[in-house]
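In what follows, a structure is listed as structure tokens, so that the remarks can point back to it.
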Amino acid sequence: MMLNIAWVYPDILNLHGDRGNIMALSKIAEAMGIEANITKINYGDTIDFDNTDLIFMGAGQLRDVTHVVKNMSAWEDNIKDYVEKGGYVLAIGSTGCVLGKKLTIEGGDTVDGLGVLDITAKELCRTKMPYVTKEVYGDDIWWNYKDMEILGNQIQRVDYTLGDVKPLGEVMYGYGNNLGGQEGARYNNVLLTNTVGPLLSSNPWFGADLLSEIMESKGEKVSTDLEKLEFLDYAKEAAVLRKKFIKEKFKLPGIIHKA
Amino acid sequence: MKRIQFLFALLVGKIIMGLTKIIPGVSGTTWPGGIANILMKRFPKYFKFGDNTRIVMVTGTSGKTTTTGMLAQLIKSWGKTICTNDIGANMDRGIATTLIRNSTMGGRVKADYVVLEVDERYLPIMTKLIAPHVILVTNVLKDQSQRNGEPGVIMTKLKAAIDGDMHLILNAHEPNSGSLGFNKDSVSYYGVAGDSTVAMESIATDVSCSCPVCGDSIHFEYENLFNIGKYSCKGCGLKSEESATIIAADAENTAFICDGTSYKVKYISKDFMYCYASLMAFAKHEGIDSLTIQKSINDFKIQSGRVEQMKAGDKTINYLRIKQETPVTLQSAIDVATADKSEKIVVLDLSEIVDFSPKYTGMYYAYDCNFRKFMDGSVVKYICMSKTVCYDVATRLYLEGVDKKDITVIPTDDYDVLLAELEKYDTKTVYLLTWMHSYYSCLASIEKYQKKEV
């Protein structure tokens, strides 16, 4: 079984060790008996949408959103068509600003996104707790997705407001999209999450579920059983320790926790 | 009125400075300036400097403290008087304290040079209070994500700070720093020669960084440190400035060569080389001769606790300090450890991040670094320790290709446990890559261990 992954702008959308997601995804696919074929897409390149099963976009800097949108707009119609036909996209962090409708920068200027996702973003300018500096909120995050617990970190530079899309998950602890209890967004098979860590090295079960969905959409049945995944025990142990660490922070003011 | 208010704030600052010497637990490096800043807004603005006093500010992601120390030593060796800040006291309170300590009761700073290490977030504030003659930027890289978010945030602040009449000394090998020289009249650059022929074979998951001007990919001809090396942008043509002062490391003679002159050094690692290169660019700009430079290099002492060698029984522990969330420091530590080809144990204690509230478990910066360098066969065991992120670090190693049987995970930050674990192995050389706070707990454990041995 073959899975074609387009890794979009790996040099640019790589703010928080995002290449770790690709490293983990390769191992997860291998453990599931899937051969992952990864193609880097750089500025000026085009995605072969007809032969792509997953588009991966890591987190980038807010300063680069304009450049990324400008470059991706060359295939704006193609990616919208890909998404409407059920193509899979996994996007991390501030890349939601690229896929979303609009980013409002502090001071009021706006940057138009591709409009693939009906979400808007506003640059963070926190003046109330919890915060470290007004431009960023960094913390752990714990959220539920289907029957899975997802744990990782979040370095948030924007507040997301969802339009006609569903949240990807429910926040058990952390900031999520905007401290409102929702994490990420899902429209058709576009999945946006704020979780770094990287997401898939910390939560291989999320990767397995995603690959299983993709393969099923291709008419192939695969098991999400990861018994052959060698780092599964590390990930499970890491999740236990991270949850313990997070629970010690429940008393902090201003943080959402439902666990 | 302002003058009287300033003199009062200064007097209070000086009294507190005296009191900090007799009151335990009160920092003499920040409290006097902190109180003075409360008593008077924009307090540092009212100090007076001599007509010929040169004011230099050093800023950037990494290497600020070492560079500031080197510049201070250079100026002393040159026979000039200097006012410089204490290690780490690089924000408003620390800088105000430095000025209080080095001024008369009338607020006159008596020094030929004022050399200030300035936190990059505070640079725009400081340059409005004190006009610098020279700003030296080490680099602007991913750093303290929980505080800075991304390098672009810092670039915005630096651009605001350098909007004045000053000379800039910039790292020609780091795209963000290098781009600050655009449309500036008075700029000099520095760099370190590298060898593009010895670059590691790239693999599918290798990545670069984005251009600060056009957002396209930066291509490194060679990379001496994380995202630092001779570069060019595929999109807009931004590239390392050719006119830079370039030094070349001479490892065989523990020296570097600049403009045909060899300078003996104590520290040969590449991060130190960039500090030496910035020193040379500064010396060139100020007109300082090579004999003075060599004397200052001889007399320069590194801050303890960054690179240390400790004995624990038959083991030699090489402690390499990293700054969490800052990949350049972890990569430098990896480079130092892997430059030693002898058989070794590598201990990774990346730990939780507790600098700010909320503390959290980020270790994603490890994925920015190249762990492949460990795979030369000389590492016989990897030990991942820390209370919470030890298994994440083990995953990182595994995903780079390390065999799980070579990885031991100890979920603790107790160095007694580490020393007991090390006893299981015959290998004598240990590299401990860890963060700042662990240094003293490590020392304490070793002291206890040595007593037990006796």
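From first to last, the protein sequence lines stand for chains C and X. Here the first sequence stands for residues 0 to 258, numbered as in numbering that gives the first Met the number 0. Here the second sequence stands for residues 0 to 453, numbered as in numbering that gives the first Met the number 0. Here a beta-carbon is modelled for each residue, glycine too, at the ideal position from N, C-alpha and C. Given the structure is predicted, the values throughout are model-derived calculations rather than measurements.
>> Measuring straight from C-alpha to C-alpha, what distance separates Q181/C and Q153/C?
In response: The residue given as residue 181/C occupies position 182 in the first sequence. The residue given as residue 153/C occupies position 154 in the first sequence. The straight-line gap from Cα to Cα measures roughly 13 Å.
> Looking at the structure shown, is S341/X part of a helix, part of a strand, or coil, going by DSSP?
Replying inline: Here residue 341/X is taken as the residue at index 342 of the second sequence, counted from 1. Here S341/X sits in coil by DSSP.
>> If we require 3 or more residues per run, which beta strand (DSSP E) segments fall completely within the segment 29 to 117 of chain X?
In response: 53 to 58, 81 to 83, 112 to 116
>> Since M0/C and M214/C should fall inside the 8 Å C-beta cutoff, what is the C-beta to C-beta distance between them, to a whole number of angstroms?
In response: Translated into the one-based positions of the first sequence, residue 0/C becomes position 1. Translated into the one-based positions of the first sequence, residue 214/C becomes position 215. The pair is a contact, with the Cβ atoms about 6 Å apart (cut-off 8 Å).
> How is Q330/X classed by DSSP in three states: helix, strand or coil?
Replying inline: The count along the second sequence starts at 1 and reaches residue 330/X at position 331. In this structure, Q330/X counts as helix in the three-state DSSP scheme.
> Taking only beta-carbon atoms, is Q181/C less than 8 Å away from chain X?
Replying inline: Numbered from 1 along the first sequence, position 182 holds the residue referred to as residue 181/C. Q181/C does not count as touching chain X.
> CB K40/X to CB L128/X, shorter than 8 Å?
Replying inline: Taking the first residue of the second sequence as 1, we reach residue 40/X at position 41. Taking the first residue of the second sequence as 1, we reach residue 128/X at position 129. The answer is no: Cβ separation not under 8 Å.
> Helix, strand or coil for C274/X per DSSP?
Replying inline: For the purposes of this step, residue 274/X is taken as residue 275 along the second sequence, with counting starting at 1. Helix at C274/X.
> K269/X: which of Y364/X, I292/X, F225/X, D288/X sits nearest, CA to CA?
Replying inline: As a working mapping, residue 269/X is identified with position 270 in the second sequence. Closest option to K269/X, Cα to Cα, is F225/X.
> Grouping DSSP H, G and I as helix and E and B as strand, with all else coil, what is S187/X?
Replying inline: Looking up residue 187/X in the second sequence gives position 188. Note: S187/X maps to strand in three-state DSSP.
> Is A23/C near L115/X, with beta carbons less than 8 Å apart?
Replying inline: Translated into the one-based positions of the first sequence, residue 23/C becomes position 24. Translated into the one-based positions of the second sequence, residue 115/X becomes position 116. The answer is no: Cβ separation not under 8 Å.
> Going by alpha carbons, who is nearest to E422/X out of A159/X, G312/X, T260/X?
Replying inline: The count along the second sequence starts at 1 and reaches residue 422/X at position 423. Ranking the options by Cα distance to E422/X, first place goes to G312/X.
>> Under 9 Å, CB to CB, which of the residues in the segment 30 to 50 of chain C have a partner in chain B?
In response: This model lacks chain B altogether, as its protein chains are C and X.
> In the DSSP assignment, what residue or residues form a beta bridge with C232/X?
Replying inline: The residue labelled residue 232/X in the question sits at position 233 within the second sequence. Partner(s): I217/X.
> Got a sec: is the Cβ-Cβ distance from C441/X to anything in chain C below 8 Å?
Replying inline: Numbered from 1 along the second sequence, position 442 holds the residue referred to as residue 441/X. Chain C contact via Cβ: absent.
>> DSSP three-state label for G137/C, please.
In response: Indexing the first sequence from 1 puts residue 137/C at position 138. The answer is strand: DSSP assigns G137/C an E or B state.
>> Which residues in chain X have a C-beta closer than 9 Å to the C-beta of M71/C? List them in chain order.
In response: For the purposes of this step, residue 71/C is identified with residue 72 of the first sequence, where counting begins at 1. Under the 9 Å cutoff, chain X gives no residues; its nearest Cβ is about 12 Å from M71/C.
> Are the CB atoms of V64/C and N147/X nearer to each other than 8 Å?
Replying inline: Position 65 of the first sequence holds residue 64/C. Position 148 of the second sequence holds residue 147/X. It is not a contact, given that the beta carbons lie outside the stated cut-off.
> If contact means a Cβ-Cβ distance below 9 Å, which residues of the segment 344 to 367 of chain X contact chain C?
Replying inline: E351, I352, D354, F355, S356, P357, K358, Y359, T360, G361, M362, Y363, Y364, A365, Y366, D367
> Could you give the distance in angstroms between the alpha-carbon of L191/C and the alpha-carbon of K127/C?
Replying inline: Looking up residue 191/C in the first sequence gives position 192. Looking up residue 127/C in the first sequence gives position 128. Going from the Cα of L191/C to the Cα of K127/C covers about 26 Å.
>> Tell me which residue opens and which closes the alpha helix (DSSP H) that L209/C is part of.
In response: Here residue 209/C corresponds to residue number 210 of the first sequence, with the count starting at 1. From DSSP, the alpha helix (DSSP H) with L209/C extends over 203 to 216.
> Which partner residues of L135/X appear in the DSSP bridge assignment?
Replying inline: Looking up residue 135/X in the second sequence gives position 136. In the DSSP output, where bridge partners are listed per residue, L135/X has V57/X, I168/X.
> Within 10 angstroms of its Cβ, does I254/C collect 16 or more other Cβ (buried), or is it exposed?
Replying inline: Against the first sequence, residue 254/C aligns to sequence position 255. Looking at its Cβ environment, which holds 16 or more other Cβ atoms inside 10 Å, I254/C is buried.
>> If you measure between the beta carbons of N264/C and L150/C, is that distance less than 8 Å?
In response: The structure shown does not extend to residue 264/C, since chain C is modelled only from 0 through 258, so no value can be given for it.
> Taking Cβ positions only, does D313/X come closer than 8 Å to chain C?
Replying inline: If you number the second sequence from 1, residue 313/X lands on position 314. With 8 Å as the cut-off, D313/X does not count as an interface residue toward chain C.
> Does any residue of chain X bring its CB to less than 8 Å from the CB of N13/C?
Replying inline: By 1-based counting over the first sequence, the position of residue 13/C is 14. By this cut-off, N13/C is an interface position.
> At which residues does the beta strand (DSSP E) containing L24/C begin and terminate?
Replying inline: For this step, residue 24/C is matched to residue 25 along the first sequence. L24/C -> not in any beta strand (DSSP E); alpha helix (DSSP H) instead, spanning 18 to 30.
> Taking Cβ-Cβ distances below 7 Å as the criterion, which residues of the segment 215 to 236 of chain C are in contact with chain X?
Replying inline: E229, F230, Y233, A234, E236
> So is I11/C buried or exposed if we call it buried at 16+ other beta carbons inside 10 Å?
Replying inline: Taking the first sequence and counting its residues from 1, one reaches residue 11/C at position 12. I11/C should be labelled buried.
>> For K229/X and E220/X, which I take to be in contact (beta-carbon distance under 8 Å), what is that distance rounded to the nearest angstrom?
In response: Start at 1 with the first residue of the second sequence, and residue 229/X comes out as number 230. Start at 1 with the first residue of the second sequence, and residue 220/X comes out as number 221. The pair is a contact, with the Cβ atoms about 4 Å apart (cut-off 8 Å).
> Would you say I254/C faces chain X, with C-beta separation under 8 Å as the test?
Replying inline: Residue mapping note: residue 254/C aligns to position 255 of the first sequence, counting from 1. Interface residue, yes.
>> Relative to the C-alpha of S444/X, which candidate in C389/X, V139/X, L418/X has its C-alpha closest?
In response: Locating residue 444/X in the second sequence gives position 445, where the first residue counts as 1. Considering only alpha carbons, the answer is L418/X.
> So, using beta-carbon positions, are Y534/X and T337/X closer together than 8 Å?
Replying inline: This structure does not reach residue 534/X, given that chain X is present from 0 up to 453, and the question cannot be answered.
> Residues of chain X with CB under 7 Å from D111/C, in chain order?
Replying inline: Within the first sequence, residue 111/C is the residue found at index 112, counting from 1. Residues of chain X passing the Cβ test: none, with the nearest at roughly 16 Å.
> Using a Cβ-Cβ cut-off of 7 Å (strictly less than) and excluding sequence neighbours within five positions of E452/X, which residues of its own chain qualify?
Replying inline: By one-based count along the second sequence, residue 452/X stands at place 453. Once the five neighbours on either side are set aside, the close Cβ partners of E452/X are G312.
>> Can you pull out the residues from the segment 366 to 394 of chain X whose beta carbon lies closer than 8 Å to at least one beta carbon of chain C?
In response: Y366, D367, K386, T387, V388, C389, Y390, D391, A393, T394
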